[in-house]
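I have placed the structure first, in the form of structure tokens, so that the comments after it can refer back to it.
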Amino acid sequence: MSATGASQTLAKTGFVRVDADDARTLLGAAAVAAWSTFADSWNDLGLDGFMADGGRYRRRRFAAFSAAPGAQAGSVVRKPHQPHYQSRDYNALNGGVQRWFEPVTDTVASHPVTLAVIQAGLDLFHPNTPAPPAAWHVELHQFRIEAMAGQAGLPTPEGAHRDGVDWVIVMLIDRVNVESGVTQIFAPDGTDLGSFTLTRPGDAVFLDDHRVMHGVTPIRPGDPASPALRDVLVVTFRREAPGLPS
């Protein structure tokens, strides 16, 4: 699927699934060549200490950026480290508090894959936004969900949801010994719009957060004798909003 085709599908349906081969084309050769060092950084994530369900199955890092369309130098700038915030309207489980996570490392923040994913988001989202902002507030989340025999891992413990932003990218980084982990897409009224499984590194979905909800089913180990790991990159785009971190 070309960038034009992805943009058209996104405009029509509110989401577009992009397989790993097409994602490599969107990201470009420099990002593809550097993928392994990017993926390795998921082995250095801190435990998420804000799980209201008491779970210890999620690890993560977080960063915020300002991103403007265009290839000029400085179009993507990292912001000072800040908390991640969602209201309980969007995250009934963990929302309503400022959550301070370990920061994304400088190496990851400036990594060719990070910059390419943000640029791909700008390329798809900016033209599909009425009266788009000059620059977007972008938040980047590295997630690892872990599971073992008798203990499932919950990629979206809050269930099907919106993130309270304008646009969302979810990209699979790795998937090891995982059963299930099915991505589900719903209309705001709960109508099922489709489901699929991100299985290959680089498989991704681009979402209009105003038009669709998304969720992922719990993961379990395919081989009970070994742990299961599901690594994803989530990148969100929103306009700067009064009262929210920016």
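Under my numbering, residues 195 to 440 are what the sequence shown spells out, in order.
Idealized CB from N, CA, C, for every residue including glycine.
Bear in mind the structure is a predicted one, so any value in this text is a computation, not a measurement.
Contact fails between the stretch 402-410 and the stretch 300-309, because fewer than three Cβ pairs, one in each stretch, are under 8 Å apart.
Out of V372, Q313, A310 and H335, the CA that lies nearest to the CA of T411 is found in V372. Beta-bridge annotation (DSSP): P297 is paired with F256. Using a C-beta cut-off of 8 Å, the stretch 207-223 makes no contact with the stretch 249-266, since fewer than three inter-stretch Cβ pairs fall below that distance. Per DSSP, R218 is not a residue of any beta strand (DSSP E); the alpha helix (DSSP H) it occupies stretches across A214 to L221. Boundaries of the alpha helix (DSSP H) around V311: P306 to F319.
Taking C-beta atoms under 8 Å as the contact rule, R433 and A422 fail to qualify, at a distance of about 37 Å.
Annotated three-state conformation of G416 is coil, per DSSP. Secondary structure of A200 (DSSP, three-state): helix.
Rounded to whole angstroms, the Cβ separation of I367 and L427 is 6 Å, and the two are in contact under 8 Å. Residue state for V226 is assigned as helix, using DSSP reduced to three classes. Around the beta carbon of D234, a 10 Å sphere encloses fewer than 16 other beta carbons of the protein chains shown; the residue is thus reported as exposed.
Take the alpha-carbon of M195 and the one of T430: they are about 22 Å apart.
Nearest in C-alpha terms to F259, of all of R252, G208 and V311, is V311. If you check the CB distance, R424 and R369 come in under 7 Å. By DSSP's assignment, E434 forms no beta bridge with any residue.
Spanning the alpha carbons of T385 and G347 requires a straight line of approximately 25 Å.
A residue is called buried when at least 16 other Cβ atoms come within 10 angstroms of its Cβ; W294 does not meet this threshold and is exposed. Assigned with DSSP and collapsed to three states, S389 falls in strand. In the structure shown, S269 falls within a coil segment according to DSSP collapsed to helix, strand and coil.
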